[in-house]
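Heads up: the structure comes next, in structure tokens.
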Amino acid sequence: MPTRPPTAATKSAVTRWLTSSSPHPAVAYEAWQDHRPAMLRTGDPYDAVRMPLALVHAAADSSAPDVVARVLAEVLDGPVICHPRHWYYALVPAGTCETWRSAEAVVRGPGAWLGIPRPDRKDPTPLNPYWAVPVEQAGKLCAPDTVAELLRVARARLEGVAT
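Last residue of the sequence shown: 162 (numbering that gives the first Met the number 0), numbering continuous.
See the structure below:
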């Protein structure tokens, strides 16, 4: 079933939510206007699990951006940023950094910074961050346990261990 395009109100709510960690959201809007990622703090309203590219590609059994995006959307059901050639970041609830126990990835929590692409930047690029799985609504995040399980399965695949 195809998804309906987001309404103007949804787009506005998502933008406000993404920039809510900044005391100066206008700086983020300016970066997005200049086609740059906005450097925003994690920790409130979201943390970010920094997932190695190799593990995400192993989880998807592909490095093709469309395949990876489809697998992440199906499995994680929440927003994921791709920083090409480096990392994927799954946005998870604030406070995840305090309870995270997976050795496969680290969580950026309070005081960390993350390059957040403009909410409508969904097309893969070779250098600039984009949304592998876009934010569908303000506050909708990936479940930390699901992210950890995805990474566990990916590690097992890389090591040739049955899951």
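For each residue, glycine too, the CB sits at the ideal point set by N, CA and C. Please read all numbers here as calculations on a predicted model, not as lab measurements.
- Per the DSSP secondary-structure output, His82 pairs in a beta bridge with Trp86.
- Leu17 and Gly159 have their C-alpha atoms some 38 Å from each other.
- Assignment of alpha helix (DSSP H) within the segment 9-55, counting only whole runs of 4 or more residues, yields 24-32 in chain order.
- Nearest in C-alpha terms to Gly42, of all of Ala111, Leu140 and Val70, is Ala111.
- Taking all protein chains shown into account, His56 has 16 or more neighbouring C-beta atoms within 10 Å of its C-beta and is therefore buried.
- Its chain contains Cys81, Pro116, Arg120, Lys121, Asp122 and Pro123 as the residues whose beta carbon lies nearer than 7 Å to that of Tyr129, once the 5 sequence neighbours on both sides are disregarded; these appear in chain order.
- Shown here, Arg100 sits in coil according to DSSP, grouped into three states, outside any helix or strand.
- Among the bridge pairs identified by DSSP, Gly114 is matched with Met38.
- Around the Cβ of Thr98, a 10 Å sphere holds fewer than 16 other Cβ atoms; the residue is exposed.
- Look at Ala153 here: in three-state DSSP terms it is helix.
- Using a Cβ distance threshold of 8 Å, Leu54 and Leu150 count as a contacting pair.
- Here Arg120 carries a coil assignment [DSSP, helix/strand/coil].
- The continuous alpha helix (DSSP H) containing Ala68 extends over residues Pro64 to Leu75.
- Here Val13 is not near Leu71, since their CB atoms are 8 Å or more apart.
- Put simply, the backbone Cα of Val146 is about 8 Å away from that of Ala89.
- When the beta-carbon positions are compared, Gln136 and Thr9 come within less than 8 Å of each other.
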